[in-house]
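In this note's numbering, the protein residues as written are 25 to 293.
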Ligand code: SF4
């Protein structure tokens, strides 16, 4: 099932809007964001829990290029989503970041979107829990921003009924380790980065296994450390902790940088 009457390549859209990329390697770049609904993961620092589930008759919020927004039924074909993207661009075509939610729940949509975007770059932001599906779509995107989730900051996943992939989300430390390594193998040598959210109340050594995995599987991958924004009981980290984790990455010869969530600082969506 992909929504009432929806084609197999349709996906439920939560919102489409133009803004400034706030995270990862392309931080600061004006982009269009296509946020899809549905996520089985339960990151404790999640700032978009409204994207997790699919309501009965979901709606998409489509921002207008120069202010204002309208609502449409959420299930969209790649073609329809491309028209929404074009409608919210204030000027020349921008790079499109598909985010979520977990966009990998909708692989047929992602593959169908590529040819609809013309010369625009297509970036994928993923939680990294679906390596088999990532391998299916990776040739359709120009950049992958791959979260390297520390499983100690995750609650039990909840599958999304009707998702367009049959790949289940990882459960527990061992499955997460396998998913991270497999996802790293998919993006190794490609235009990609690995993103690690560093929350407070942890030791730097807690993050060492993630860095070991990058060193082992994708040693040329850029690693972006994102200090967590406090929310839902998650603490912001002391800067000393972030710097210690950066140093652990440098010890492993990794290309590491620290990037705070710029969109929070700028107070843009
Ligand atoms: S993967 Fe993204 S949308 Fe899903 S729970 Fe984590 S932060 Fe939230």
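Don't be surprised by glycine CBs; every beta carbon is placed ideally from N, CA and C.
What residue from the options has the CA that sits closest to residue i's CA?
i: residue 266; options: 225, 233, 215 and 216; result: 225
i: residue 282; options: 49, 45 and 38; result: 49
i: residue 196; options: 222, 180, 102 and 146; result: 180
i: residue 40; options: 80, 52 and 98; result: 98
i: residue 198; options: 191, 221, 153 and 186; result: 153
i: residue 190; options: 69, 103 and 128; result: 128
i: residue 85; options: 186, 105 and 166; result: 105
i: residue 101; options: 245, 64 and 60; result: 60
i: residue 270; options: 240, 255, 291 and 221; result: 221
i: residue 288; options: 252, 273 and 259; result: 252
i: residue 64; options: 232, 235, 178 and 219; result: 178
i: residue 172; options: 110, 211 and 115; result: 211
i: residue 157; options: 133, 142, 96 and 284; result: 133
i: residue 62; options: 205, 126 and 114; result: 126
i: residue 186; options: 227, 79, 53 and 54; result: 79
i: residue 235; options: 169, 293, 272 and 81; result: 272
Using the C-alpha atoms, what's the distance from residue j back to residue i?
i: residue 124; j: residue 36; result: 10 Å
i: residue 279; j: residue 242; result: 11 Å
i: residue 29; j: residue 130; result: Residue placement at residue 29 is poorly supported in this model, since its pLDDT is 49, which falls under 50; the coordinates are not used for a value here.
i: residue 194; j: residue 216; result: 22 Å
i: residue 120; j: residue 57; result: 6 Å
i: residue 183; j: residue 213; result: 31 Å
i: residue 261; j: residue 67; result: 16 Å
i: residue 229; j: residue 151; result: 22 Å
i: residue 238; j: residue 94; result: 42 Å
i: residue 69; j: residue 223; result: 8 Å
i: residue 264; j: residue 141; result: 42 Å
i: residue 258; j: residue 175; result: 14 Å
i: residue 91; j: residue 291; result: 16 Å
i: residue 31; j: residue 42; result: 26 Å
i: residue 75; j: residue 38; result: 7 Å
i: residue 138; j: residue 147; result: 10 Å
i: residue 232; j: residue 268; result: 10 Å
i: residue 110; j: residue 227; result: 45 Å
i: residue 55; j: residue 45; result: 6 Å
i: residue 118; j: residue 53; result: 9 Å
i: residue 155; j: residue 203; result: 6 Å
What first and last residue would you give for the beta strand (DSSP E) that runs through residue i?
i: residue 149; result: 146-150
i: residue 250; result: 246-251
i: residue 83; result: 83-87
i: residue 160; result: It is not in any beta strand (DSSP E) - residue 160 instead sits in the alpha helix (DSSP H) that spans 155-161.
i: residue 216; result: 216-222
i: residue 295; result: The first residue shown for the chain is 25 and the last is 293, placing residue 295 beyond what the model contains.
i: residue 172; result: Here residue 172 belongs to no beta strand (DSSP E), and DSSP marks it neither H nor E.
i: residue 54; result: 54-60
i: residue 279; result: 279-282
Counting along the chain, where does the alpha helix (DSSP H) carrying residue i start and finish?
i: residue 196; result: 196-211
i: residue 288; result: 286-290
i: residue 270; result: 263-275
i: residue 235; result: 232-241
Could I get the ranges of all uninterrupted alpha helix (DSSP H) runs contained in the segment 89-133, with 4 residues as the minimum, in chain order? 102-112
Can you pull every residue whose C-beta falls closer than 6 Å to some heavy atom of the ligand SF4, listed in chain order? 63, 65, 66, 67, 70, 72, 75, 124, 125, 126 and 151
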